[in-house]
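> Residue 9 is where the sequence shown starts when you use the working numbering, and the numbers rise one by one after that. All C-beta atoms in this analysis are idealised placements derived from N, C-alpha and C, irrespective of residue type, glycine included. Predicted model only: the values in this text are computed from it and were never measured. The structure's right below; bear with me while I get my questions together.
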Amino acid sequence: MNYLAHAFLADRHPENIIGNLAGDFVKGPIGNEFSHRVRRGIMLHRRIDSYTDFHPEVAAMKSAFSRGRRRFAGIILDIGFDYYLCRNWSKFSDESLREFIDTVYDILISNHDSLPSGLARVAPRLVAGDWLGYYRSLKGTGEILDRVAMRFRRENTLRGSIAEIENNHAQFEEGFLRMFPEVIVYAEKQKRSLS
């Protein structure tokens with residue numbers, strides 16, 4: 009799961025959404041510099057990542073990747089899952105996708121001074137570039153994957169990896185639609201246990 013799915017799976021409190029979005033930026037032990045709700049969001053993010061990384065649907069999808077890109081399958085799928093969430097948004101939410109995205113952006117803007125440092129660095133670009141909106145199309149999702157590829161120091165096969173999603177589109181979407189309801193149930197249980 010990437011930014012959109014993590015925000016969606018969070019409690020609707022702004023600090024929980026911030027924590028869930030900050031999960032990739034906070035490494036190691038979660039310090040007391042964060043509020044209880046932000047810490048809960050970070051912990052939920054980590055648990056969701058662990059759950060999905062070892063989900064049988066993800067394992068099946070990873071096996072469909074070409075040999076040259078299999079080592080990046082986790083990254084490609086995380087980003088691809090946000091694309092599939094956009095495509096199937098109305099199956100999971102009564103709120104419009106645009107309203108939800110705008111709410112997340114409002115939270116990031118209005119709380120910028122209290123965001124964890126890594127998220128604070130990314131948030132202005134995320135909002136200004138409408139990163140969450142990019143997942144609505146394969147073209148936008150491909151651009152996100154290519155941007156991620158440029159962050160690697162070494163030459164890699166991540167660039168152009170939208171081809172993996174295009175070549176396996178039906179299989180990946182069907183797998184996502186089987187898996188995501190289970191992820192929602194798992195996230196709800198974890199939220200209760202983290203209270």
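Rounding to the nearest angstrom, what Cα-Cα distance links alanine 211 and histidine 120 in this structure?
One cannot answer for residue 211 here, as it falls past the ends of the chain, which runs 9 to 203.
> To the nearest angstrom, how far is it from the Cα of alanine 178 to the Cα of aspartate 19?
Looking up residue 178 in the sequence shown gives position 170. Looking up residue 19 in the sequence shown gives position 11. Distance between the alpha carbons of alanine 178 and aspartate 19 is about 30 angstroms.
> Leaving aside the five residues before and after phenylalanine 89 along the sequence, list all residues of the same chain whose C-beta is less than 7 angstroms from its C-beta, in chain order.
In the sequence shown, counting from the first residue as 1, residue 89 sits at position 81. Met9, Asn10, Ala13 and Phe184.
> Between Ile26, Arg55 and Ser58, which has its C-alpha nearest histidine 44's C-alpha?
Position 36 of the sequence shown holds residue 44. Measuring from the Cα of histidine 44, the nearest candidate turns out to be Ile26.
> Among Gly31, Thr60 and Tyr91, which one has its Cα closest to the Cα of glycine 150?
As a working mapping, residue 150 is identified with position 142 in the sequence shown. Considering only alpha carbons, the answer is Tyr91.
> Within the continuous alpha helix (DSSP H) that includes glycine 88, where are the two ends?
Residue 88 sits at position 80 when you count from the first residue of the sequence shown. Run containing glycine 88: 81–95, per the alpha helix (DSSP H) assignment.
> By the 10 Å Cβ neighbour count, where 16 or more other Cβ atoms means buried, how is valine 193 classified, buried or exposed?
Taking the sequence shown and counting its residues from 1, the one referred to as residue 193 is at position 185. Only exposed fits valine 193, as fewer than 16 other CB atoms lie within 10 angstroms of its CB.
> Look at the alpha carbon of isoleucine 109 and the alpha carbon of histidine 21, and state the distance between them as a whole number of angstroms.
Counted from its first residue, the sequence shown places residue 109 at position 101. Counted from its first residue, the sequence shown places residue 21 at position 13. Their backbone Cα atoms lie some 14 angstroms apart in a straight line.
> Could you check whether the segment 148–164 touches the segment 27–36, counting it as contact only if at least three pairs of C-beta atoms, one from each stretch, sit closer than 8 angstroms?
no
> Give the C-beta separation of leucine 93 and alanine 195 to the nearest angstrom, bearing in mind that I take them to be a contact with Cβ-Cβ under 8 angstroms.
Taking the first residue of the sequence shown as 1, we reach residue 93 at position 85. Taking the first residue of the sequence shown as 1, we reach residue 195 at position 187. Their Cβ separation, rounded to whole angstroms, is 13 angstroms, which puts leucine 93 and alanine 195 out of contact at 8 angstroms.
> Is DSSP giving leucine 134 helix, strand or coil here?
Counted from its first residue, the sequence shown places residue 134 at position 126. In this structure, leucine 134 counts as helix in the three-state DSSP scheme.
> Output the distance between the C-alpha atoms of glutamine 198 and arginine 55, rounded to the nearest integer angstrom.
Numbered from 1 along the sequence shown, position 190 holds the residue referred to as residue 198. Numbered from 1 along the sequence shown, position 47 holds the residue referred to as residue 55. Approximately 8 angstroms between the Cα atoms of the pair.
> Do leucine 153 and leucine 134 have their C-beta atoms within less than 8 angstroms of each other?
Numbered from its first residue, the sequence shown carries residue 153 at position 145. Numbered from its first residue, the sequence shown carries residue 134 at position 126. Not in contact: leucine 153 and leucine 134 (Cβ atoms no closer than 8 angstroms).
> First and last residue of the alpha helix (DSSP H) that includes histidine 53?
Within the sequence shown, numbered from 1, the residue matching residue 53 stands at position 45. Run containing histidine 53: 44–61, per the alpha helix (DSSP H) assignment.
> Whether or not the segment 112–128 and the segment 31–50 are in contact is what I'm after, with contact meaning three or more pairs of Cβ atoms, one per stretch, closer than 8 angstroms; do they touch?
yes
> Return helix, strand or coil for aspartate 204, following the three-state DSSP convention.
Only positions 9 to 203 of the chain appear in this structure, which leaves residue 204 out of reach.
> How big is the Cα-Cα spacing for valine 46 and arginine 79?
Here residue 46 corresponds to residue number 38 of the sequence shown, with the count starting at 1. Here residue 79 corresponds to residue number 71 of the sequence shown, with the count starting at 1. So the alpha carbons of these two residues sit roughly 31 angstroms apart.
> Considering just the uninterrupted stretch of the alpha helix (DSSP H) at arginine 167, what are its terminal residues?
For this step, residue 167 is matched to residue 159 along the sequence shown. Per DSSP, arginine 167 belongs to no alpha helix (DSSP H) and is neither H nor E.
> Under 8 angstroms, do isoleucine 115 and serine 169 count as touching if we go by C-beta distance?
Reading the sequence shown from its first residue, position 107 is the one you call residue 115. Reading the sequence shown from its first residue, position 161 is the one you call residue 169. No; because the gap between Cβ atoms is not below 8 angstroms, this pair is not in contact.
> What residue from Arg186, Asp86 and Leu202 has the CA that sits closest to lysine 99's CA?
As a working note, residue 99 is residue 91 in the sequence shown. Of Arg186, Asp86 and Leu202, the residue nearest in Cα terms is Arg186.
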